[in-house]
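J.: Pasting a structure below so you can have a look.
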């Protein structure tokens, strides 16, 4: 019998890998706990996620966003640095400490926290706030690109417990984010971001940082609302806000030269950013039409709604449901579209 060439073993291994990958289990999100001062929290995050942050900077920010052009990346970091004056001192300190611990230039980390504000990305997320049998449910499908192939491996749940008087928060996002894509605080204030696109907005506080700051400092719906409506009137984002203790919710979205507020009135309020981008009305969207026909009173109902073909996009990299009254969040991630995967359960604040 002839000796089998080594290359055939390589080919066989590749075939096995290709056959296995479609059936691999979804990757469990990383959980991070950080407490103390802003510097201590940043150091903790940068140390624990050093490799992940480095990959996201090198592969996604440099490679995908800046097209592997060092000049584009350098210019982007400089533009991000110009936003520092709009960022509060606690978040500057956390950014710089995180960057130092991760071995990444501080302006590169700041770019990662502001690249959507600088017009380097677009997305099509969906969010829902509904009245449940026990309180409010706040849900969000984050629809993005694959982050240079890193999306499945880098979703994290971050618990922050500041010692400077700010509130405890739980955020869903990516390693290296000082700000938030989804966040809930100990008082039941929850916020989610939907991206519409760059509209040449004037320099302002990066929206990731805005969400985190509002959750850090606001205990009521009206306090949070006041901070949101003070944002730039040409804000290129949709923000979904809910206050579980008060049973209130609203969507804030760009509409002409102002920010339009759509409050939770009956069963639910939802956002699909394609409507605001097109100047259309909320009752004409696929998401709104679908949700009107669906029950939204339980966590299971919400999971099915987030999986509905008129709601779910193929680029959905994570799907989260905040259930403050039950002190739980449910998170699907690890494979796209994430909402089709199993929702893992995590506690919020251990009340």
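Numbering (the numbering used here), first residue to last: 1027 to 1377.
C-beta atoms are modelled at their ideal positions from N, C-alpha and C, and glycine is treated no differently.
This structure is a prediction, so every number in the text was calculated from the model and none was measured.
#1: Hey, quick one: how far does the alpha helix (DSSP H) through residue 1110 stretch, first residue to last?
#2: Determine the direct distance from the alpha carbon of residue 1338 to that of residue 1365, and round the result to whole angstroms.
#3: Would you please state the rounded distance, in angstroms, between the beta carbons of residue 1297 and residue 1152? I believe it to be under 8 angstroms.
#4: I'd like to check one pair, residue 1350 with residue 1245: are the Cβ atoms closer than 8 angstroms?
#5: May I ask you to verify whether the segment 1116-1124 touches the segment 1061-1076, counting CB pairs closer than 8 angstroms and requiring at least 3?
#6: For residue 1097, count neighbouring Cβ atoms within 10 angstroms of its own Cβ and tell me buried if that reaches 16, exposed if not.
#7: Only counting the same chain, and skipping five residues up and downstream in sequence, which positions put a Cβ closer than 8 angstroms to that of residue 1293?
#8: Can you give me the C-alpha to C-alpha distance between residue 1303 and residue 1287, rounded to a whole angstrom?
#9: Could you tell me which residues DSSP puts in a beta bridge with residue 1347?
#10: Alpha carbon to alpha carbon, what distance is there between residue 1358 and residue 1370?
#11: Measure the alpha-carbon distance for residue 1343 versus residue 1363 and round it to whole angstroms.
#12: Check whether the Cβ of residue 1088 sits closer than 7 angstroms to any heavy atom of the ligand FMN, and report yes or no.
#13: For the segment 1098-1111 and the segment 1051-1061, state whether three or more C-beta atom pairs, one from each stretch, are separated by less than 8 angstroms.
#14: Beta-carbon separation of residue 1267 and residue 1236 under 8 angstroms?
#15: Return the CA-CA distance between residue 1233 and residue 1320, expressed in angstroms with no decimal places.
#16: Look at the Cβ atom of residue 1241, then the Cβ atom of residue 1189, and state whether they are nearer than 8 angstroms.
#17: State the DSSP-derived secondary structure class of residue 1318, mapped to helix, strand or coil.
#18: Count the other C-beta atoms from every protein chain shown that fall within 10 angstroms of the C-beta of residue 1335, then say buried if there are 16 or more, exposed otherwise.
#19: From the DSSP output, read off the bridge partner residues of residue 1088.
#20: How would you write the range of the beta strand (DSSP E) that residue 1190 sits in, first residue to last?
#21: Closest by CA to residue 1276, which one among 1324, 1345, 1208, 1164?
#22: When DSSP labels each residue in this structure, what does residue 987 get in the three-state scheme?
#23: From this set, 1141, 1315, 1180, 1313, which residue's C-alpha is nearest residue 1229's C-alpha?
#24: If you measure between the beta carbons of residue 1178 and residue 1361, is that distance less than 8 angstroms?
#25: Please check the pair residue 1167 and residue 1345, which I expect to be a contact at CB under 8 angstroms, by giving their CB distance rounded to whole angstroms.
#26: Does the separation of the CB atoms of residue 1352 and residue 1160 fall below 8 angstroms?
#27: Residue 1282 to residue 1264, Cα distance in whole Å?
#28: Reducing DSSP to helix, strand and coil, say where residue 1208 ends up.
#29: Which partner residues of residue 1220 appear in the DSSP bridge assignment?
#30: Taking the beta strand (DSSP E) that residue 1372 belongs to, which residues open and close that run?
#31: Which partner residues of residue 1152 appear in the DSSP bridge assignment?
#32: Can you tell me which of 1146, 1243, 1185, 1130 puts its alpha carbon nearest to the alpha carbon of residue 1222?
#33: Since residue 1251 contacts residue 1197 with CB under 8 angstroms, what's their CB separation in whole angstroms?
#34: Is residue 1303 helix, strand or coil by DSSP?
#35: Is it right to say residue 1274 is buried, meaning 16 or more other beta carbons lie within 10 angstroms of its own, or is it exposed?
#36: From residue 1341 to residue 1170, what distance separates their C-alpha atoms?
T.: Here's the rundown:
#1: Translated into positions along the chain shown, residue 1110 becomes position 84. Note, residue 1110: premise wrong, no alpha helix (DSSP H); not H, not E.
#2: Along the chain shown, read from residue 1 onward, the residue named residue 1365 stands at position 339. Along the chain shown, read from residue 1 onward, the residue named residue 1338 stands at position 312. Cα-Cα distance, rounded: 7 angstroms.
#3: Taking the first residue of the chain shown as position 1, residue 1297 is located at position 271. Taking the first residue of the chain shown as position 1, residue 1152 is located at position 126. With 8 angstroms as the limit, residue 1297 and residue 1152 qualify as a contact, their Cβ atoms being about 7 angstroms apart.
#4: For the purposes of this step, residue 1245 is taken as residue 219 along the chain shown, with counting starting at 1. For the purposes of this step, residue 1350 is taken as residue 324 along the chain shown, with counting starting at 1. It is not a contact, given that the beta carbons lie outside the stated cut-off.
#5: yes
#6: Locating residue 1097 in the chain shown gives position 71, where the first residue counts as 1. With fewer than 16 other Cβ atoms within 10 Å, it is exposed.
#7: By 1-based counting over the chain shown, the position of residue 1293 is 267. Result list for residue 1293: 1156, 1157, 1322, in chain order.
#8: Counting from 1 along the chain shown, the entry for residue 1303 is found at position 277. Counting from 1 along the chain shown, the entry for residue 1287 is found at position 261. Residue placement at residue 1303 is flagged as unreliable, the pLDDT there being 47, under the threshold of 50; a coordinate-derived value is accordingly withheld.
#9: Sequence index remark: in the chain shown, residue 1347 carries index 321 (1-based). BP columns for residue 1347 point to 1165, 1356.
#10: Indexing the chain shown from 1 puts residue 1370 at position 344. Indexing the chain shown from 1 puts residue 1358 at position 332. Distance between the alpha carbons of residue 1370 and residue 1358 is about 6 angstroms.
#11: Here residue 1343 corresponds to residue number 317 of the chain shown, with the count starting at 1. Here residue 1363 corresponds to residue number 337 of the chain shown, with the count starting at 1. Near 6 angstroms, if we compare the C-alpha coordinates of residue 1363 and residue 1343.
#12: With respect to the ligand FMN, the structure offers nothing, as it holds no ligand at all.
#13: no
#14: Position 241 of the chain shown holds residue 1267. Position 210 of the chain shown holds residue 1236. Not closer than 8 angstroms, so no.
#15: One-based indexing of the chain shown puts residue 1233 at position 207. One-based indexing of the chain shown puts residue 1320 at position 294. Spanning the two alpha carbons is a distance of roughly 31 angstroms.
#16: Position 215 of the chain shown, counting from 1, holds the residue named residue 1241. Position 163 of the chain shown, counting from 1, holds the residue named residue 1189. Result no, Cβ atoms of residue 1241 and residue 1189 do not sit closer than 8 angstroms.
#17: One-based indexing of the chain shown puts residue 1318 at position 292. Reduced to three states, the DSSP call for residue 1318 is coil.
#18: Locating residue 1335 in the chain shown gives position 309, counting from the first residue. Under this definition residue 1335 is an exposed residue.
#19: Looking up residue 1088 in the chain shown gives position 62. Answer is none; residue 1088 lacks a bridge partner.
#20: For this step, residue 1190 is matched to residue 164 along the chain shown. Taken as a continuous stretch (DSSP letters only), residue 1190 belongs to no beta strand (DSSP E), as it is neither H nor E.
#21: Walking along the chain shown from the start, residue 1276 turns up at place 250. Among 1324, 1345, 1208, 1164, the Cα nearest to that of residue 1276 belongs to 1164.
#22: Outside the shown range of the chain, which is 1027 to 1377, sits residue 987, and nothing can be said about it.
#23: The residue you call residue 1229 lines up with position 203 of the chain shown. Nearest of 1141, 1315, 1180, 1313 to residue 1229, Cα basis: 1141.
#24: As a first step, residue 1178 must be located in the chain shown, where it is residue number 152. As a first step, residue 1361 must be located in the chain shown, where it is residue number 335. Contact flag set, yes.
#25: For the purposes of this step, residue 1167 is taken as the residue at position 141 of the chain shown. For the purposes of this step, residue 1345 is taken as the residue at position 319 of the chain shown. Right, the Cβ-Cβ distance comes to about 5 angstroms (below 8 angstroms), so this counts as a contact.
#26: Here residue 1352 refers to the residue found at position 326 of the chain shown. Here residue 1160 refers to the residue found at position 134 of the chain shown. In contact: residue 1352 and residue 1160 (Cβ atoms closer than 8 angstroms).
#27: As a first step, residue 1282 must be located in the chain shown, where it is residue number 256. As a first step, residue 1264 must be located in the chain shown, where it is residue number 238. Cα to Cα, residue 1282 sits roughly 13 angstroms from residue 1264.
#28: Position 182 of the chain shown, counting from 1, holds the residue named residue 1208. Of the three classes helix, strand and coil, the one that applies to residue 1208 here is strand, per DSSP.
#29: Taking the first residue of the chain shown as 1, we reach residue 1220 at position 194. Bridge partners of residue 1220: 1264.
#30: As a working note, residue 1372 is residue 346 in the chain shown. Looking at the DSSP string, the run of the beta strand (DSSP E) that includes residue 1372 is 1370-1373.
#31: Along the chain shown, one-based indexing puts residue 1152 at 126. Note: residue 1152 sits in a beta bridge opposite 1167, 1298.
#32: Locating residue 1222 in the chain shown gives position 196, counting from the first residue. Nearest option by C-alpha distance: 1146.
#33: The residue labelled residue 1251 in the question sits at position 225 within the chain shown. The residue labelled residue 1197 in the question sits at position 171 within the chain shown. Going by Cβ atoms, the distance from residue 1251 to residue 1197 rounds to 20 angstroms, so no, they are not a contact pair.
#34: Along the chain shown, one-based indexing puts residue 1303 at 277. In this prediction, residue 1303 scores a pLDDT of 47, lower than 50, which makes its location untrustworthy; no coordinate-derived value is stated.
#35: Here residue 1274 corresponds to residue number 248 of the chain shown, with the count starting at 1. With 16 or more other Cβ atoms within 10 Å, it is buried.
#36: Mapped onto the chain shown, residue 1341 falls at position 315. Mapped onto the chain shown, residue 1170 falls at position 144. Distance between the alpha carbons of residue 1341 and residue 1170: 6 angstroms.
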